[in-house]
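The structure under discussion appears below in the form of structure tokens.
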Amino acid sequence: MPARLTVLSGPSGVGKGTIVAELRRTDPHIWVSVSCTTRAPRPGERDGVEYRFVDRATFDEMIADDALLEHAEFAGNCYGTPRSPVLKHLDAGTPTLLEIELEGARQVRRTMPEARFVFLAPPSTEELVARLAGRGTESPEAVAARLARAEIELAAASEFDHVVVNHDVAEAAREVAALIEAD
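My numbering applies: residue 410 is where the sequence shown begins, and numbers increase by one.
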């Protein structure tokens, strides 16, 4: 029996990647889709683990071939979810998770409305600002762009089936895992 897709979204800096890393550690039976991106790897990121890093020409080919379930461009970089592996895991009955941004979640909602949509929220706007600024991986302009986008994304939380507040990584990961496993 096919599994139900779960989509995890939320503003940049809210801890989506940290929650996914915790899920991979505590719930390895949940398959997490690896998105493609045209951005350069951050320190410690490995191709095929956090992202599949591709050039713009390859990304554009994937769009043209309808090989992406969703895709978006943000801060000059493209992001997208390869369609085939997601459908393969769902058909095999494997609990499947996408970690994507708001625009991508909206695209998935249009094509797969039966999916479960989970919004990861920060404990406060101040905490989100501190997390983004504390990364130290982006220019002040990129941080400002992410903060502006975060305001829009926070306002969209009501579009999601569930909201999980990331006060504590382990607790938030347990909440997300419970939602993935729920019928």
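From the three backbone atoms N, C-alpha and C, an ideal C-beta is built for every residue, glycine too.
query, result
"Can you look up A481 in the DSSP assignment and give me helix, strand or coil?", "strand"
"Terminal residues of the continuous beta strand (DSSP E) containing F468?", "From DSSP, F468 is part of no beta strand (DSSP E) but of the alpha helix (DSSP H) over 465-473."
"I need the boundaries of the alpha helix (DSSP H) containing A581, first residue and last residue.", "578-590"
"How big is the Cα-Cα spacing for V552 and A466?", "26 Å"
"Let's test the definition: count the other Cβ atoms within 10 Å of the Cβ of P452 and tell me whether it reaches 16, buried, or not, exposed.", "exposed"
"Taking Cβ positions, are R555 and S421 nearer each other than 8 Å?", "yes"
"For E512, collect the residues of the same chain with a Cβ closer than 6 Å to its Cβ; drop the 5 residues on either side in sequence, then sort them by chain order.", "A481"
"Answer yes if the stretch 458-476 comes into contact with the stretch 536-545, meaning at least three C-beta pairs across the two stretches below 8 Å, and no otherwise.", "no"
"Since E508 and V429 should fall inside the 8 Å C-beta cutoff, what is the C-beta to C-beta distance between them, to a whole number of angstroms?", "5 Å"
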